[in-house]
Every structure is written in structure tokens, then in C-alpha cells.
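> Here it is: the structure, laid out below.
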Amino acid sequence: MTKKNSDVIPGNSSFFPVSIDPALCNGCNRCVEVCQVDVFAPNPEPGKPPLILFAPECWQEGSCVAVCPQKGAMRWKRLLVHRVRCRHKDTAEDFFI
Amino acid sequence: MKAAGMKWPYPVEWDKTEYIETDVLVLGGGAAGCFAAISAAKKGARVALVEKGAIVASGAAGSGCDHWESATTNPCSRISPEELTETMIRTFSGYTNGISHYIECREGYDRLLDIEAMGAKVRDTDDEFKGADFRDEETKLLFAYDYFNRFTIRVWGSTFKPALARECRRLGIRIFDRVQATGLLTERGEKGTRIAGATGINTRTGKFMVYRAKAVILCTSRPTRLWLFSPDVPGISEFRPFPCSGDGQAMAWRAGVEFAMMEKSVKGEWSGLRSFPPYSTGNNHNTWYACNLVDAEGRALPWVDRDGRILDRFADRFRPAEGQRLYLKGGGEPSFNVYEVQGPDTPPVNDLLRQGFKLPFFADLASLPEMERKIIWGMMVGEEGKTKIPILRAYGEAGFDPEKDLIQSYGDGWKSGSFLPQERQLFGLPGGVVNDWKLMTNVEGLFAAGDTLYASNCFGHAAATGHYAGRHAAAFAARMEAAAVDERQVAEERRRVTAPIAGENGTDWKELNTAITRIMQNYCGAFKSEELLVTGLKMLADLETREAARLSVRNPHELGRAHEVLDILTNAELVMEACRARKASSRELEFTRLDYPEIDPPEWMKLVTVKRGRDGVETDSRSLRYFGDLVENYEKHNPADSERV
């Protein structure tokens, strides 16, 4: 039972709706602790951005972005497949978000 | 930042076991679990709270909740708890949980006041909506849907879970975040005997946890991923959170707990990449009620009452029809399309097309009265779970302006996706464990609350039943000695839980989950029969014996996921057995038996119950009204001095 040393292979991050800017992230790990799915793990190097280990399991609720104290460090990027059509009422011009 | 191949970032404790002793053990730390822990602690019990995620934001309402239903005792309500509960019972032809919904109606508003006292925001204290039709100027409460009867309150639910977590810590509750419960411990390790505790695993370290408790409360939501699973994006397989895998139901089934209505499932409403994120496209229901819709050429869609009469005035969307006592939400909610409680809505799409309206339709927030626009976009969309960041902020950053722009509707109502009849889910008051007036199950000392109960739904229901189960469990624990934990049962559970660690190159949990959904779609889909169900059960048993035994994992996190899928497998068996037990079709349960096609024959208008006994599955039944008179029974079990804690 103990033969495993618990390796981890990072999850595929496609369809993952969060991006982290390493220049702005202060490594506080609040996002790690708030996530109910446990997508992230703390970086072994203190002060560095969290590791994204289980991206496909993200429930896409945004709590990680909501608790981030560093403006712009963690951003929500909508999945391409979730783009919707909007329309400016005054010009009847469509745009997609 | 992506990780390269690396060692697991937490200490690995596969070989360690931690023993905890407590009076009341709460499994699941969502709305129900936190309220259960809080009320048990306030009654003086030692409480341990076990949560797979982290209680600060876990559960279906972890990131928010925009309205609180059934708040009939708020000072502005024109409906009594008894009237609303009886209305719900009639609406669902008796197939609802009279006990839990009466608790919701009678105590739900008190729980809202509790959560406000903990620091959450439940009224318009900033006067943002001063003068709005939906606001009571004295209490500053904001109402939704039926502005005349005023029993649904709009709330700032993103403040709720953090407030509950703070309160749990303040009360000294022992919180075990990142621990996934795996099994119930019972006296002598037998099915149906008194509860003795539970086991779990820490999904970061792999440590095995043994909890010894006098009373246990199951607050583990409801099973998902039985028919719907998206291997590429498993996290969004269903509307309920990904970690809601029915662990509590599975361990309760293994322990001999009685279930009702597990044969009920509905056609899928939301899943994976086939749907848009909830509330993110144009619609006029639920969170978006009662938004204006326009057609492709900008013509406003009409609104009608339950009789099809055109509603000319905007305010008519928020009051019952002539001669109607009340309505439950707006139209478009299939469960509430019962004439007695049917609310205003836009006509069905086919009717609109016949009238010359052109697809696609768009939500037109811009043409709403200012307060109605602000309450939908900015408050409801913002405070409802999964909306603050993924929709309100993200759309704003992308340039969407609610005062100037339209958003297209993709499909009928809020759903935005379409599904095949065999792609089903447990939704809209599905089945769960059977409860008595103390919210105790047939296993002595095992209580349940929230979505674990049969026919349950919503934050207010979870909060009220959690609090109620917590205080009754504390009272139970206060008068009982702890049952002895059976060490053989602990050892067997430890062996079962840790088995996948030893596997090499075995079955992956995602593949197993996918296989289960295929069996459920093929043998327990829209049409059931004895032959199909028996075959399905054989296939599930085959999966369990041959493939589940070959599951392998690489780290504690994957061990948790593997056990979720094993629990999903157990829940699939439970659902199929419940389907076998009802030998009649049922409209209310959306249940079609090819071999028993008669719909709702009078002798089958009852709760059919199933449990796993010593010698196999045992079926039984209860009257739909087994809970008796609401007021009389509530007062008998809740003397005046016991209600407040």
C-alpha cells in the first residue's frame, strides 16, 4: 500500500476558465483554500502562484477569483464554447462575449 | 501556472489513522451541514463537521444564493406556513416531503435572521432599491415573484457561507475540511442498527479518519453524474457542484437506511459543454424573472396569466391572477405548471411563432423599469451562485451594458441546452432518505437534512432542516451513551477505502463514471421494465466486481474521486432497485414502466420505499400523508422551549 510516493500529473488545462498572472500573484493561496473542488495546490516555493493540478474538475463558480486580493492577478476567461451573442439596441449591431 | 511532473505537494499519510470522538458528527458542510453543526453546538453538544471541500465556500450555495423561498413568517407575508406547505403538497400530488417543507415554511425566516445576525446581508441596508415595488420600506426586505403575498425574499447570498463558517469557528466546532466521508459505522457493524460513527479520508494527505459519535447528521446533498458525465470537463457535468456525488446516500444505502422516490428522475436540464453557464443567457425565469423579452425584430413578447389573458401592466407579472390565492415563482418552472399555482409567463414558443414572432429571442434588460433592471443585473445576477465572477464581472469586462444591450436566449427558459430522453438527472424534488418528525432515519441516531432528504430543494430548506436536525441530534446525543464502534467494521472499511492505492495501471475513475452513465441511459432511461432493470443491475454488479476492483489512483485527491465514483455506482444500484419496486407508471415522478403502463393507478399513489437489508433489498410503502397533521406533529416534537437554541 505504501509503495506509491504519490506522484501527480497535472490535469489538462483546456476548458479551464481561470488564468493567473505570475507577475501580479503574491502567492497568498487564498484561491487554493476556497476552492471546493481542490483544483489548485500551493506552490512549493513560497510567494509563487499556485499550481493548477486538476483543471478539468473546476465547477466554474469563480470563488477563487472573488477572494483574490491582488487586482488582476487572477482573471476569469470565459470558455470559447460559452460565447454568447449580444446586440447594441441603438445600432442593432451584434457583438459576441 | 502549470506544474511539471512533480511530487505531491502535501504530506502523504496513507498509513496513518486519526480517531476523533464527538457527540454529534455532521457529514457535509454546505448550508444544511453548517446550520446543523451550529444548532447542535448551541445546544451544548460537542460537534465535528466533516467537509470534502472547505466550508467557507462549499456546497451548492457556496458562491451565492439570490433568493430565499418559503419565508412565510416574515412580517410582510400574507401566507401562513400551513397554507404554503399544503399548497406545495397539492402541487406535487402528494409526492413531497411534508415534514421538511413544513419546517422550511415555519422556521426558514428565523434562519434568515440567524444568518443576518452572523453578519450576512439579507436586506437592503444601503437603500439601493428605495422606493421599488418589491421593497418593504420599513423592514428593507426585498421580495421576488409574488409581490402581493411576499413570501420569497431576495438576498445577498454571496455573504452567507463565509458568515456561516465564521460562526462555526466562533462556536468551537471542530471543522475537518478536505475530509471525504466514506462509510457509516453501526452497532456490531450490522445494517439497520444504531449509529456509532463514520469513517473518512483526507483528500490531501490520504490519512484515514475514524469518527466515533452518538449521533450523525447526513448533509451530503444529492447524487449527480448518474446519467450525465462529461469526461473532458467533469467539473461541470451537472448543475449541482461536482463534489456532490451522493456519498451520503451511498453510505446510507450500505448501512440499511430507507429511501423514497429514488425512482424519480427528470430529463436533463443542464450539463457540461452542451449548456451555457447557468443564468448566463437571456431568459425571463427564476433569477431573471420577470425580464422583458423581444424577438429578432425587436418586438416585445407578450406576458400572459395562467388563463392566457394578456397582462398589459408590468406590475401584473408580480401578482396572482384574478381569483388566484398565490403563485409559486413565475411560469416556465415545469414543477409549478399546475393551474392552482401557475404564475405569469410569456406564451410557449410555438404559440409565439404562430403569432408571427421571429426567432431568436433576446432578453431586453434595457427596457425594464430601472429598479427591476438593477435587481436582476447586479443583484440577482451577482448574488446567485456562479454568477458574480463568471457572469456579472466577466460580461461587464467584455463590454456588456445592461442599459443598452440585448442578450440572446438559447433555448426555452433558463436551461439553454437540450437533452435526449434517456439523459436524466435527479432534479426538481428528487428522492432521498426517509425521515420522521425528528428528521431521523430508520437507523437510530442517524439524522438527515437538506438535499439528502427525499423531495428537497433550496437554501432555505437546507438551512431550516439543518438547524432542526442539529438540535434534535444534540438532544438525542445528550440522553444516549455512545454505541460501541465495531473494530472489524473499521478495519474492513479501511481495507475498502485504501484498496485503489495499491492498483497499478488500473481503471481510471473517469472511465468508470462514463461506463456507469452508459448503463443508466441504456437500462434506466426514459422507459423502464423489469427486464431492462434486472439487466442493468447485472451490468452494474459486473462493473463493481471486475472494474471497480481494478481502480487505481496516484494520489490522495484521486483516491477521493475514485470513491465518489464507487458511491455513484452504489447510487445507480439504489435508483434501479427503487425503479423495480414501483410497478406502475407515474406522472408526478416522471416514471414510465413499459411493463406497467397504467399511469397512477390509485393503489400506487403512495411512497414506495427501499432499503438494503441483511438478505437483500427490502421494499415497503408508506401513505403519502404518513407524516399526519402538520401543526399537531410539529408541536408534539418541538415543545415551545426547545425550538429556540
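Here the protein sequences line up with chains F and R, keeping their order. Letter by letter, the first sequence follows residues 1 to 97 of this note's numbering. Letter by letter, the second sequence follows residues 1001 to 1645 of this note's numbering. Ideal placement from N, C-alpha and C gives every residue a C-beta, glycine not left out.
Please list the terminal residues of the continuous beta strand (DSSP E) segment that includes Gln1489/R.
From DSSP, Gln1489/R is part of no beta strand (DSSP E) but of the alpha helix (DSSP H) over 1487–1502.
> Which runs of the alpha helix (DSSP H) at least 4 residues long sit entirely within the stretch 1205–1289 of chain R? Give them in chain order.
1247–1254
> Quick one: using the 10 Å Cβ neighbour count with 16 as the cut-off for buried, is Asn5/F buried or exposed?
Because the pLDDT at Asn5/F is just 46, under 50, the model does not fix this residue reliably, and the value given afterwards should be weighed accordingly. Classification of Asn5/F: exposed, given that the 10 Å Cβ count is below 16.
> Along the chain, which unbroken stretches of the beta strand (DSSP E) at least 3 residues long are found entirely within the stretch 1315–1394 of chain R?
None, since the stretch 1315–1394 of chain R contains no complete beta strand (DSSP E) of that length.
> Just how far apart, CA to CA, sit Lys1358/R and Ser1416/R?
18 Å
> So, do the stretch 1019–1026 of chain R and the stretch 1471–1488 of chain R have three or more beta carbon pairs nearer to each other than 8 Å?
yes
> Would you verify that the beta carbon of Gly47/F is, or is not, closer than 9 Å to some beta carbon of chain R?
no
> In chain order, what residues of the stretch 1234–1245 of chain R put their CB closer than 7 Å to some CB of chain F?
Pro1234, Gly1235, Ile1236, Pro1241, Phe1242, Pro1243
> Please report how far the alpha carbon of Cys25/F lies from the alpha carbon of Asn1633/R, in whole angstroms.
56 Å
> My assumption, with CB atoms under 8 Å, is that His1101/R sits in contact with Met1088/R. Please give the rounded CB distance.
5 Å
> Looking at C-alpha atoms only, which residue of Pro1602/R, Met1480/R, Lys1606/R, Arg1580/R is the closest neighbour of Asp1595/R?
Arg1580/R
> In chain order, which continuous runs of the alpha helix (DSSP H) of length 4 or greater are located wholly inside the stretch 1130–1164 of chain R?
none
> Identify each residue in the stretch 20–52 of chain F for which the Cβ-Cβ distance to at least one residue of chain R is less than 9 Å, and report them in chain order.
Result list: Ile20, Pro22, Cys25, Glu33, Val34, Cys35, Gln36, Val37, Asp38, Val39, Ala41, Pro42, Asn43, Pro44, Lys48, Pro49, Pro50, Leu51, Ile52.
> My parser needs the alpha helix (DSSP H) runs of 4 or more residues fully inside the stretch 1029–1063 of chain R; what are they?
Complete alpha helix (DSSP H) runs here, min 4: 1031–1042.
> Let me confirm a value: Phe1276/R is counted as buried when at least 16 other C-beta atoms fall within 10 Å, else exposed. Which label applies?
buried
> Check whether the Cβ atoms of Ala1526/R and Thr1592/R sit closer than 9 Å, and answer yes or no.
yes
> Counting Cβ pairs closer than 8 Å, one from the stretch 1274–1292 of chain R and one from the stretch 1244–1254 of chain R, do we hit at least three?
The stretch 1274–1292 of chain R makes no contact with the stretch 1244–1254 of chain R; the number of CB pairs closer than 8 Å stays below 3.
> Check whether chain R comes within 9 Å of Asn5/F, counting only Cβ atoms and requiring the distance to be less than that.
Because the pLDDT at Asn5/F is just 46, under 50, the model does not fix this residue reliably, and the value given afterwards should be weighed accordingly. Yes - at least one Cβ of chain R is within 9 Å of the one on Asn5/F.
> For Gly1200/R, list the residues DSSP reports as bridge partners.
Ala1181/R, Met1209/R
> Tell me which residues of the stretch 58–81 of chain F have at least one Cβ-Cβ distance to chain R shorter than 9 Å, keeping chain order.
Cys58, Trp59, Gln60, Glu61, Gly62, Ser63, Cys64, Val65, Ala66, Val67, Arg75, Trp76, Lys77, Arg78, Leu79, Val81
> Work out the CA separation of Phe40/F and Glu57/F for me, nearest whole Å.
10 Å
> Are the stretch 1027–1041 of chain R and the stretch 1420–1430 of chain R touching, with three or more C-beta to C-beta distances below 8 Å?
Touching, no.
> Between the beta-carbon of Ala1045/R and the beta-carbon of Gly1466/R, is there less than 9 Å?
no
> Where do the N-terminal and C-terminal ends of the alpha helix (DSSP H) with Phe16/F fall, by residue?
Phe16/F -> no alpha helix (DSSP H), and no H or E assigned at all.
> Between which two residues does the beta strand (DSSP E) containing Asp94/F stretch?
94–96
> Could you please tell me which residues of the stretch 1351–1372 of chain R, in chain order, have their CB closer than 7 Å to any CB of chain F?
Phe1362, Ala1366
> Which residues mark the beginning and the end of the alpha helix (DSSP H) in which Leu1426/R is found?
No alpha helix (DSSP H) holds Leu1426/R; DSSP gives it neither H nor E.
> Residues of chain F with CB closer than 7 Å to the CB of Asp1232/R, please, in chain order.
Phe15, Pro56
> Considering only DSSP beta bridges, list what His88/F is partnered with.
Looking at the DSSP assignment, His88/F forms a beta bridge with Asp1405/R.
> If you measure beta-carbon to beta-carbon, which residues of the stretch 1044–1057 of chain R are closer than 8 Å to chain F?
Lys1052, Gly1053, Ala1054, Val1056, Ala1057
> Can you give me the C-alpha to C-alpha distance between Lys1264/R and Arg1587/R, rounded to a whole angstrom?
10 Å
> Taking 9 Å as the CB-CB cut-off, is His1563/R touching chain F?
no
> So, Glu1083/R versus Gly1460/R, is the Cβ gap smaller than 9 Å?
no
> Assign Phe1419/R to one of three DSSP states: helix, strand, or coil.
coil
> Specify whether the stretch 1566–1574 of chain R and the stretch 42–49 of chain F touch according to this definition: at least 3 beta carbon pairs, one from each stretch, less than 8 Å apart.
no
> Give the interface partners of Leu1406/R over in chain F, defined as CB-CB distance under 7 Å, in chain order.
Cys86, Arg87, Lys89
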